[in-house]
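Chemist: In terms of our numbering, the sequence shown opens at residue 130 and continues consecutively.
Note that CB positions come from ideal geometry on N, CA and C, so glycine has one too.
Keep in mind the model is a prediction, meaning the values are calculated, not measured.
Provided herewith is a single structure, encoded as structure tokens, for subsequent inquiry.
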Amino acid sequence: MITFLSVLSVLLLLFSGFVCWQVLEQRKVIARMLENDHIAESDQEPELVITLRILDPIALAKRESRSARVLADKLPVMVRKMVYQEVLKELEEELMEREIDVEMQIEYR
């Protein structure tokens, strides 16, 4: 039994050494790839961003504005843009009232 446990311990030690060697090699490969792509390693945390998507901007526009009821069927793209601009303006006003500094913009994807 002692022989079996000794052999098993040696095999586990060899396997652990192999796994450690693989981890070190992977780190070298990653470092090389980052260097080749000119990506600097940084200890900074990722930047957090809030994304807002209005699920039904046409219905919102029709509910909130008389003129949007007429325009929504004829110019839906323009109405969507106007809805997002108005929501952005209202959010900005609310955050300014609460003295929260933000940078807000509309991204077109």
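Flag this pair as touching only if the region 181-194 and the region 211-229 have three or more C-beta atom pairs under 8 Å; answer yes or no.
Modeler: With the cut-off at 8 Å, the region 181-194 and the region 211-229 touch.
Chemist: Kindly indicate which three-state DSSP category Asp185 falls into: helix, strand or coil?
Modeler: Of the three classes helix, strand and coil, the one that applies to Asp185 here is coil, per DSSP.
Chemist: Just to confirm, are Leu200 and Val208 a CB contact at a threshold of 8 Å?
Modeler: Contact: yes.
Chemist: Taking only three categories from DSSP, how would you classify Arg227?
Modeler: In the structure shown, Arg227 sits in coil (DSSP, three-state: anything other than H, G, I, E or B).
Chemist: Could you tell me if Ala160 is buried or exposed, where buried requires 16 or more neighbouring beta carbons within 10 angstroms of its beta carbon?
Modeler: So Ala160 counts as exposed.
Chemist: Look at the alpha carbon of Glu154 and the alpha carbon of Leu134, and state the distance between them as a whole number of angstroms.
Modeler: Straight-line Cα distance between these residues: approximately 30 Å.
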